[in-house]
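K.L.:
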Amino acid sequence: MPPSLIDLPARVGHSRTRVHVVVETPKGSRNKFDFDPGLGAFKLAGVLPEGHSFPYDFGFIPSTKAADGDPLDVLLLLAAPAYPGVVVEARLLGAFEIEQHDKNGPTQRNDRLLAVAAGAREHKHLHAISDLSAELLHEIEHFFHSYNEAKGGETRVLRRVGPERAHALLDQART
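Just add 6 to the spot in the sequence shown (first one is 1) and you have this note's numbering.
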């Protein structure tokens with residue numbers, strides 16, 4: 007039997023620069039999907055308020071476990087949306103180190119990695135989070151804030167970090 011999506015290798019082969027990203031929620035979707043390893047399927051986890059949608063594909067890096075107990079979250083820059091369950095070879099640009107307080111839970115870290123598809127022509131010039139415009143980075147942070155606020159929580163971006171720190175976060179979270 008093939009491995010579950012959650013158990014795929016985090017890195018592509020022996021590469022130190024390419025990672026696997028499993029897409030859960032496509033760009034432009036109001037529906038938030040989560041992979042349920044017990045079911046081996048994607049479940050509808052919620053619906054964003056009217057007028058809100060995911061700005062880019064959202065997913066996770068397999069074979070990792072973040073501070074919140076879930077695999078590491080990834081926002082994946084692609085020109086067109088992928089589909090839930092698609093595995094994309096990607097390059098990490100950096101990460102948003104985030105402190106999050108859910109409505110009825112403790113404050114905890116919930117970092118979000120930022121990646122581009124390794125083969126995407128329109129993003130081949132991007133190598134670090136600093137290559138993105140200040141406006142785009144602000145819009146991404148605003149999405150994280152509004153997404154959590156809609157669920158009654160709070161989000162605080164502690165800092166933006168480059169690809170070296172993003173890879174260190176991945177290495178710390180590998181299972």
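Ideal Cβ positions, reconstructed from N, Cα and C, are used throughout, including at glycine.
Predicted, not measured: the structure shown is a model, and the values here were computed from it.
1. So, is Thr31 buried or exposed, given that buried needs 16 or more other C-beta atoms within 10 angstroms?
2. Closest to Arg180 by C-alpha separation, out of Leu84, Leu14, Gly46, would be which residue?
3. Using CA coordinates, which residue listed in Leu175, Arg24, Phe48, Pro61 is at the minimum distance from Arg115?
4. By alpha-carbon positions, which one of Lys49, Ile135, Leu142, Glu95 ends up nearest to His20?
5. Determine the direct distance from the alpha carbon of Lys49 to that of His133, and round the result to whole angstroms.
6. If you check the beta carbons only, do Leu54 and Leu81 fall under 9 Å apart?
7. Among Arg36, Gly46, Pro68, Val25, whose alpha-carbon lies nearest the alpha-carbon of Ser59?
8. In its own chain, which residues sit with a C-beta less than 6 Å from the C-beta of Glu160, not counting the 5 before and 5 after it?
9. Jot down the residue ranges of each uninterrupted beta strand (DSSP E) in the region 85-120, minimum 3 residues, whole runs only, in chain order.
P.N.:
Checking against the coordinates, here is how it stands:
1. Here residue 31 corresponds to residue number 25 of the sequence shown, with the count starting at 1. The residue is buried, with at least 16 neighbouring Cβ atoms inside 10 Å.
2. Locating residue 180 in the sequence shown gives position 174, where the first residue counts as 1. The shortest C-alpha separation from Arg180 is found at Leu14.
3. By 1-based counting over the sequence shown, the position of residue 115 is 109. Here the closest residue by C-alpha is Leu175.
4. Here the question's residue 20 lines up with position 14 in the sequence shown. The shortest Cα separation from His20 among Lys49, Ile135, Leu142, Glu95 belongs to Glu95.
5. Here residue 133 refers to the residue found at position 127 when the sequence shown is read from its first residue. Here residue 49 refers to the residue found at position 43 when the sequence shown is read from its first residue. Rounded to whole angstroms, His133 to Lys49 spans 33 Å at the Cα level.
6. Residue mapping note: residue 54 aligns to position 48 of the sequence shown, counting from 1. Residue mapping note: residue 81 aligns to position 75 of the sequence shown, counting from 1. No.
7. Translated into positions along the sequence shown, residue 59 becomes position 53. Looking at the Cα atoms, Arg36 is the closest of the given residues.
8. Here the question's residue 160 lines up with position 154 in the sequence shown. Taken in chain order, the residues that qualify are His107.
9. 93-107, 113-115
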